[in-house]
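**Student:** Protein chains in written order, with this note's numbering: chain W, 28 to 355; chain F, 55 to 409.
Note that beta-carbon positions come from the ideal geometry of N, C-alpha and C, so glycine has one too.
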Amino acid sequence: MMNTKTPLTDKVKVSILSTMLKIRMVEEAIAEQYKNQKMRCPTHLSIGQEAPPSILSALLTHDDQVVSTHRAHAHYLAKGGNLNAFIAELHGKASGCSGGMGGSMHLIDKAVGFMGSTAIVGGTIPIGVGLALAKQIKQERGLVVIYIGDGAIEEGVFYEAANFSVVRNLPVLFVCENNRYSVYSSLDCRQPQDRKIYELAASIGLQSWHGDGNDISNTFQLCSDAVEHIKLNNGPAFIELDTYRWREHCGPNYDDHLEYRPAEEIAYWKSKDPIKLLTKQLLDSQVIDVSVLNTIKNNINKDVLIAFEKAELAPFPASNTPENLTYA
Amino acid sequence: MLKETHQISFAEAINETTEQLMSYDESIICYGLGVNDPGRIFNTTKNLVETFGDQRVFDMPTAENGMLGIGIGAAIAGLKPIIIFQRVDFFLLAMDQLVNNAAKWRFMFGGQSNVPITIRLIIGRGWGQGPTHSQSLQAWFAHIPGLKVVMPSTTEELKQLLTASVLDPNPVIILEHRWLYQQKGNVPIQIDNRWLLSEQSNISTGDELTVVSSSYLTTEAKIALKFLQEHHGISIEHITLSVLAPLNTSRIIESVEKTGRLLLLESAHETCSISSSISHQVVASSFDKLKLAPVVMAKPDWPEPTTYSGTKYYYISAYDIAQKICEMLAITLDIEALQKQGHHDVPGDWFTGPF
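1) Cβ atoms of Lys137 of chain W and Gly127 of chain W: under 9 Å apart, would you say?
2) I need the boundaries of the beta strand (DSSP E) containing Thr292 of chain F, first residue and last residue.
3) Name the chain F residues that come within less than 9 Å of Pro34 of chain W, Cβ to Cβ?
4) Could you tell me which residues DSSP pairs with Gln61 of chain F in its beta bridges?
5) Hey, Arg207 of chain W and Gly75 of chain W: beta-carbon distance below 9 Å or not?
6) For Ile224 of chain W, which residues of its own chain have a beta-carbon under 7 Å away from its beta-carbon, when the five flanking residues on both sides are left out?
7) Check the Cβ-Cβ distances between His133 of chain W and every residue of chain F, and say whether any is below 9 Å.
8) Are the stretch 336-349 of chain F and the stretch 242-256 of chain F in contact at 8 Å, needing three or more beta carbon pairs?
9) Helix, strand or coil for His102 of chain W, going by three-state DSSP, please let me know.
10) Taking C-beta pairs closer than 8 Å, name the residues in chain A that Phe161 of chain F reaches, listed in chain order.
11) First and last residue of the beta strand (DSSP E) that includes Met142 of chain W?
12) Could you tell me if Met28 of chain W is buried or exposed, where buried requires 16 or more neighbouring beta carbons within 10 angstroms of its beta carbon?
13) Is the stretch 304-311 of chain W close to the stretch 103-122 of chain W, with three or more CB pairs under 8 Å?
14) Hey, does Tyr174 of chain W have any beta-carbon neighbour from chain F nearer than 9 Å?
15) Can you say whether Ala85 of chain W is buried or exposed, counting buried as having 16 or more other CB atoms within 10 angstroms of its CB?
16) If I follow the unbroken alpha helix (DSSP H) through Glu118 of chain F, where does it start and stop?
17) Within the same chain, show all residues whose beta-carbon is closer than 8 Å to that of Ala131 of chain F, passing over the 5 residues directly before and after it, in chain order.
18) Taking 9 Å as the CB-CB limit, is Met149 of chain F close to chain W?
19) Determine the DSSP secondary structure at Asp222 of chain F, reduced to helix, strand or coil.
20) Is any heavy atom in the ligand ATP found nearer than 8 Å to the beta carbon of Gln395 of chain F?
21) Would you list the one or two residues that DSSP bridges to Ile138 of chain F?
22) Within the 9 Å Cβ cut-off, does Asp91 of chain F reach chain W?
23) Taking CB distances under 9 Å as the criterion, tell me whether Lys40 of chain W reaches chain F.
24) Taking C-beta to C-beta, are Ser219 of chain F and Thr259 of chain F nearer than 9 Å?
25) Comparing alpha-carbon positions, which option in F:Gly239, F:Phe161, F:Gln109 and F:Glu284 lies nearest Pro344 of chain W?
26) Chain W beta carbons: is any one of them nearer than 9 Å to that of Arg179 of chain F?
27) What distance in whole Å lies between the Cβ atoms of Ala58 of chain W and Leu72 of chain W, which are believed to be in contact at a cut-off of 8 Å?
28) Using DSSP bridges, identify the partner residues of Phe161 of chain F.
29) In whole angstroms, what separates the C-alpha of Met149 of chain F from that of Asn155 of chain F?
30) Taking the Cβ atom as the reference point for each residue, do Asn119 of chain F and Leu87 of chain F lie within a distance shorter than 9 Å?
31) At 4 residues or longer, what runs of the alpha helix (DSSP H) sit wholly inside the stretch 239-269 of chain W?
32) Start and end of the alpha helix (DSSP H) containing Gly183 of chain W?
33) Leaving out the 5 sequence neighbours to the left and right, which residues in its chain are closer than 8 Å to Ser296 of chain F when beta-carbon positions are compared?
34) Can you list, in chain order, the stretches of the alpha helix (DSSP H) that have 4 or more residues and sit fully within the stretch 246-296 of chain F?
35) Check whether the Cβ of Ile147 of chain W lies closer than 9 Å to any Cβ atom in chain F.
36) Put Ser235 of chain W into one of helix, strand or coil per three-state DSSP.
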């Protein structure tokens, strides 16, 4: 079988940087606008965790599908989810990606293979495995990425669905973004300290990898290996990527004053800001210059402004929408 | 056009319907714990794997919640899974995927994806099934908007209900009573893809009182009503409720407005039951037409005891029904012939365990 791996070229690096910048700038705009009380739903920002989905998405095609969690903004945008529909969804508008019925925690863009994110921890894990089962039965191409956090590993449904994916050799890639916290609860009080998540996954029978999710080239390598493993029909795979959320679990603010996370831990992860590091690398190696960078940022900025403007002007769903949606 | 029928049992009707559905629509898959084992879910999945192969018919891990979620994912991707659980009680482990995903997926994504899954759940009774093998939890499921809940009463209606459930674009829970499995009935030989989920059907018409039943209680009710009609000339309207959610009580209300008396036979506990909801709707809509308050006969508010003696008076019998009807009509009749002969904890002599 031919080697299907995509190399991490300069072009791919620039594309990853653009995706990360888009996520960061969209999220910062949401954080900034949140106080206006027009986005009236619980919102879990992806700031700090941009790297894993931006890297992985560079390796996915339109045949590949994604499901995600309550913290789905980065996954949605990285897979190519429509920005205007996303911002409208946060505003509860009819033009939203879920018709305004889902909000921040229920995003979907089937046109790009983003099949849905939901609010219950671990809730979409079996959904993703079911999508992969359908691919196998219908003999369709592509794999299914299931984004989860470290908390979902503690849910029984993770084991149940992972086990079945191994039994049936399904084209599934579990991506665990380990940010060490389930809301305020540290990993140390939730899982044995000497047991690694990727080792647990391996013991279920998933081909597993582990790495620093903010390290672009290493994460690209792991993702590339995992995607190839699945595309060669070698069975489901699992990647644990360490990363960090900068702001509060839910909402637009920083919550460092609550002191549930050590100050040095926060400082360490901020020093590993993937956007800052990759920008510096690409500027230093003269792959891009400041004007290219500014063009990228200006374009994103323009798109974000348009998305907010459109969202605010869009109508809410009609009052009979909820009743009509309950049954097909 | 009159459909050609043949006489088969409830279990055979399930098997035949599934086989015909899977031939008709290749997006239908069928799985559950024991689907391909020697028992074949009381023979309801007999010959399916041989006919359709193990990609479409398969046994599964003992993982109710995960496997229901996997069915939801497959349904979103265009398949129509039939998922089977040999007892309702085990399915409780799947409530998260049922309530948070199956029931709400279409709603929370603005109608972009349907979840056409059919969940077959079997209700046990007697022979020491006990607290965790005999629960009638239809009201739990019916409480969740987005789910359809179906309870067949007879072998005759099974084929239509199962066909309509599987072809329905929504998640449907179909609750099958174990004691119906051996009952024979005239069943249409072929499925019809135009069949709909019919909400209520009349078994008999009458003027003096309306009886509503679902599932196995229809069997007991039929015995009681036939006896009262034949021996005492009492004319009772009997309605079976097959679709419990979404609940449509129009046929019941129409009947009660004629008879003025309503007896609801409830296979679950009375508190928060379907019968309580029906009773409320009837009172709210037709208070002035009622000759007396609606009566609900239900299980007592404790779990099914395992012991032989504990189930003796636990379930509602034909005798109990006839007695209640006499009370409601303020008459005294000799109904002793309705006292059940033989063991009370089996559906018939054919049942000798184990489940």
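**Tutor:** Taking the definition as stated:
1) no
2) The amino acid occupying residue 292 of chain F in the given sequence is His; Thr does not appear at that position. Segment Ile290 to Leu295, the beta strand (DSSP E) holding His292 of chain F.
3) The contacting residues do not exist; Pro34 of chain W stays about 32 Å from chain F at best.
4) F:Asn240
5) no
6) Asp177, Ile180, Cys203, Asn205 and Glu267
7) yes
8) no
9) helix
10) Looking for chain A here will not work: the only protein chains present are W and F.
11) Phe141 to Ser144
12) Because the pLDDT of Met28 of chain W is 42, which lies under 50, any placement of that residue in the model is unreliable, and the number read from its coordinates should be weighed accordingly. Looking at its Cβ environment, which holds fewer than 16 other Cβ atoms inside 10 Å, Met28 of chain W is exposed.
13) no
14) no
15) buried
16) Glu118 to Ile130
17) none
18) no
19) coil
20) The model depicted lacks the ligand ATP and carries no ligand whatsoever.
21) F:Gly86 and F:Arg174
22) no
23) no
24) no
25) F:Phe161
26) no
27) 6 Å
28) Per DSSP, none; premise fails for Phe161 of chain F.
29) 9 Å
30) no
31) 243-258
32) Gly183 to Val194
33) Val204, Met205, Pro206, Ser207, Glu211, Leu215, Leu251, Ser252, Glu253, Gln254, Ser255 and Ser268
34) 271-286
35) yes
36) strand
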